[in-house]
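Peer 1: Sequential numbering of the sequence shown, starting at 943, is according to our numbering.
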Amino acid sequence: MKASIVAKVPFHFRGELHEPSAVIDLEDWARRNLDKFADLYGLVAEASGMNPYGYELEVMEVSEMVFESPTGRAVDFYDSENQQFDFDGFRQDWRLELSFQGLNRISEQYLSEPLVKGSEMHQALQAAYQLGQNA
943 MKASIVAKVP
953 FHFRGELHEP
963 SAVIDLEDWA
973 RRNLDKFADL
983 YGLVAEASGM
993 NPYGYELEVM
1003 EVSEMVFESP
1013 TGRAVDFYDS
1023 ENQQFDFDGF
1033 RQDWRLELSF
1043 QGLNRISEQY
1053 LSEPLVKGSE
1063 MHQALQAAYQ
1073 LGQNA
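(1) I'd like to know whether the C-beta atoms of Ala972 and Phe1032 end up nearer to each other than 8 Å.
(2) Please classify Gln1072: does DSSP put it in a helix, a strand, or coil?
(3) Which residue comes first and which comes last in the beta strand (DSSP E) that contains Glu1003?
(4) Could you have a look at Ser1049 and say whether DSSP puts it in helix, strand or coil?
(5) Helix, strand or coil for Gln1025? Go by DSSP, reduced to three states.
(6) Within the continuous alpha helix (DSSP H) that includes Ala972, where are the two ends?
Quick look at the structure:
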């Protein structure tokens, strides 16, 4: 797990404070193309052993989710002041990094040299990749 974050949902139920949480593997989340919040509430509930049909889950689902303890590349997309995470920005960056890794393999195979991020060759290969994606 190169990038992760802890998702936590503090809420009160029957007079008690509950703070279920789960460590989210962000690369797995991006790979599976999960919905930002609907799936995260489910992951937190599952990790916390909540009854999937209970009122406790319903109360949790209408409570605000906060985030903490980012690791790896997740740190760049974390707003510690508001305890929020830029999931869209992370997913976009993850996809760019994934495409760069593929383009780098092509560069090493056909040009016998590693690809340098931001170089003219990188830009040319990225443009060709985008053209292929849009075709």
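All residues carry an ideal CB built from backbone N, CA and C; glycine is no exception.
Values in this document were obtained by computation on a predicted structure and should not be read as measured data.
Peer 2: According to the data block:
(1) Taking C-beta atoms as the reference points, Ala972 and Phe1032 count as a pair closer than 8 Å.
(2) If DSSP states are grouped into helix, strand and coil, Gln1072 belongs with the helices.
(3) Not the beta strand (DSSP E): Glu1003 falls in the alpha helix (DSSP H), residues Tyr997 to Glu1003.
(4) In this structure, Ser1049 counts as helix in the three-state DSSP scheme.
(5) Residue state for Gln1025 is assigned as coil, using DSSP reduced to three classes.
(6) DSSP places Ala972 inside the alpha helix (DSSP H), whose first and last residues are Leu968 to Arg973.
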